[in-house]
Amino acid sequence: MTGNTTTATDFRNTILNGDSVQLMRALPRNAVDFILTDPPYLVNYQGRDGRKVRNDDNARWLRPAVNEMHRVLKWGGLAVSFYGWNKIDLFADAWKAAGFRMVGHIVFRKSYASSSGFLRYEHESAYLLAKGNVKRPGQPVPDVIDMPYSGNKLHPTQKPVAALLPLVDAFCPAGGLVLDPFCGSGSSLVAAQHLGRDWLGMELDADHAATATRRLAWHAAKKIAA
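No gaps in the numbering here: position 135 of the sequence shown is 135 in the UniProt record's numbering, and each next residue is one more.
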């Protein structure tokens, strides 16, 4: 993070490298229109290639981060957060304590199994969270969305942009600002950019933040060239 700016307008279309709790504290209340994020699942995840996710081995950050997410989200706004299925108690407690209402559940159906134990893991899940009284979208989003394989080339838990597009389209107004406080390789931000929304990403890992910055710049240049 550079400079001493303190408004969401100053941070639009930027990726900030650092602790998202501290970074969100620099934003005013009610600064963003929609939050779409895939935080660490608290499972100490390790990919097939040995890559790990920072802060995935503890929950110390969870409540402070969710509190800040609720504070910076506009009244009447929505958030979509992925979560670890076996840590849902911790996530749900944090969401409710911050003031979010759990108003929907989304299953992302994979065409592959990411790992196996007793069961083949062929889906991921996210909750739709509301701050205050929320206006329903004109066209509700299906609660089952296909999730093609991203390849995880840019991040060990990389999400495909195609699965995120309908969420941004339905839950962020035209001209609105999408926040992802755990942006990883920036898939949520690419979805926002593609649909003409402003975006703000935060990422603790400097390498992933740099990857996301390059990715957004490449997509912006491609869009201009088209």
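Even for Gly, the Cβ is constructed at its ideal location relative to N, Cα and C.
Within the same chain, Cβ atoms closer than 7 angstroms to the Cβ of ALA206 are found at ASN17, the five residues on either side in sequence being excluded.
Taking the C-beta atoms as reference points, ASP180 is found nearer than 9 angstroms to LEU36. Between LEU119 and ASP10, the alpha-carbon positions lie close to 46 angstroms from each other. Assignment of SER185 by DSSP, reduced to helix, strand and coil, places it in the coil class. Assigned with DSSP and collapsed to three states, LYS74 falls in strand.
Distance from the CA of TYR83 to the CA of LYS222, rounded to the nearest whole angstrom, comes to 32 angstroms.
Collapsing the DSSP output to three states places ALA113 in coil. Straight through space, the alpha carbons of LYS135 and GLY104 are spaced by roughly 14 angstroms.
ALA191 is positioned such that its CB atom lies closer than 9 angstroms to that of VAL161. Around the CB of LYS96, fewer than 16 other CB atoms lie within 10 Å, so the residue is classed as exposed.
The alpha carbon of PRO28 has as its nearest neighbour, out of ALA163, LEU164, VAL72, the alpha carbon of VAL72. Within the same chain, Cβ atoms closer than 7 angstroms to the Cβ of VAL21 are found at TRP61, PRO64, ALA65, GLU68, the five residues on either side in sequence being excluded.
The beta carbons of PHE108 and VAL144 sit closer together than 9 angstroms. In this structure, SER111 places its C-beta atom within 9 angstroms of the C-beta atom of PRO148. Under the 10 Å beta carbon count, ALA126 is surrounded by 16 or more other beta carbons and is classified as buried.
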